[in-house]
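Residue numbers (our numbering): 729 to 885.
Beta carbons are placed, not taken as given, at the ideal position from N, Cα and C, and that holds for glycine.
One structure is given here, and the rest of the page talks about it.
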Amino acid sequence: MKIVLFQTGKTNEKYIREGIEIYGERIARYTPFDIVTIPDLKNTRNLSPGDQKVMEGEKITGQLRIDDMVIILDERGKEHSTREFSAFLEKAMMMPRKRIVFVIGGPWGFSDEVYRRADVSLSLSKMTFPHQMVRLLFLEQLYRALTILKGDPYHHD
729 MKIVLFQTGK TNEKYIREGI EIYGERIARY TPFDIVTIPD LKNTRNLSPG
779 DQKVMEGEKI TGQLRIDDMV IILDERGKEH STREFSAFLE KAMMMPRKRI
829 VFVIGGPWGF SDEVYRRADV SLSLSKMTFP HQMVRLLFLE QLYRALTILK
879 GDPYHHD
């Protein structure tokens, strides 16, 4: 099963890009993995946040496949401990889907269309993080969950 991370817009901070690269390489040792960057919207100065969410949502859903399991990372989603997330991931990987697609939206969140398309909504925390920082935090947790599934000594309870 392939795991894909959709992220909206470029990662600007060098330290975040470097961390994403490190964890992306680690994850790829366990499972096929790819990151898809949805291009930033252009000329957003005169667009409301709602209009921006709709436009980003169209770009996101336009890249999804009918047989994808879509999991959005959203502040209102279900929270899991690391072990619970690992168990969730294990079940998701057994489903008859070709890809598990995790989606990190832009700074305004997701459009209604993306919420409707999502199979699951997960939250990393009740706290709010910059959406670019979420990329790195999520990839570390994905890597940690995969090490738990493989019995590798990374996670400590």
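Subject >> Chain-order list of residues whose beta-carbon lies under 8 angstroms from that of Gln869 (same chain, five-residue window excluded) >> reply: Thr810, Phe813, Leu852
Subject >> N-terminal and C-terminal residue of the beta strand (DSSP E) that Thr736 is part of >> reply: 730–736
**OP:** Determine the closest residue to Met823 out of Met797, Glu803, Ser839, Lys806, with distance taken between C-alpha atoms.
**Re:** Met797
**OP:** Express the C-alpha separation of Ile832 and Ile800 in angstroms, rounding to a whole number.
**Re:** 6 angstroms
Subject >> Cα-Cα separation between Pro767 and Lys787, rounded to whole angstroms >> reply: 8 angstroms
**OP:** Report yes if the C-beta distance between Pro835 and His808 is below 8 angstroms; otherwise report no.
**Re:** no
Original post:
Is Leu775 helix, strand or coil by DSSP?
Top reply: coil
Original post:
Which one of His884, Phe830, Phe816, Val848 has the shortest CA to CA distance from Leu864?
Top reply: Phe830
**OP:** Enumerate in chain order the residues of its own chain whose CB-to-CB distance from Ala846 is below 6 angstroms, with the five nearest sequence positions on each side excluded.
**Re:** Val798, Ile800
**OP:** Spatial neighbours of Val842 within its chain, please: CB distance less than 6 angstroms, with the 5 preceding and 5 following residues excluded, ordered by chain position.
**Re:** Gly785, Ile788
**OP:** State the start and end residues of the unbroken alpha helix (DSSP H) segment that holds Asp840.
**Re:** 840–845
**OP:** Return the first residue and the last residue of the alpha helix (DSSP H) that Leu817 is part of.
**Re:** 810–822
Original post:
Looking only at its own chain, which residues have a Cβ that is under 6 angstroms from the Cβ of Ile744, when we skip the five neighbours before and after it?
Top reply: Gln860, Leu864
Original post:
So what does DSSP say about Thr789, is it helix, strand or coil?
Top reply: helix
**OP:** Let me know if Ala873 comes out buried or exposed under the rule of 16 or more other beta-carbons within 10 Å of its beta-carbon.
**Re:** buried
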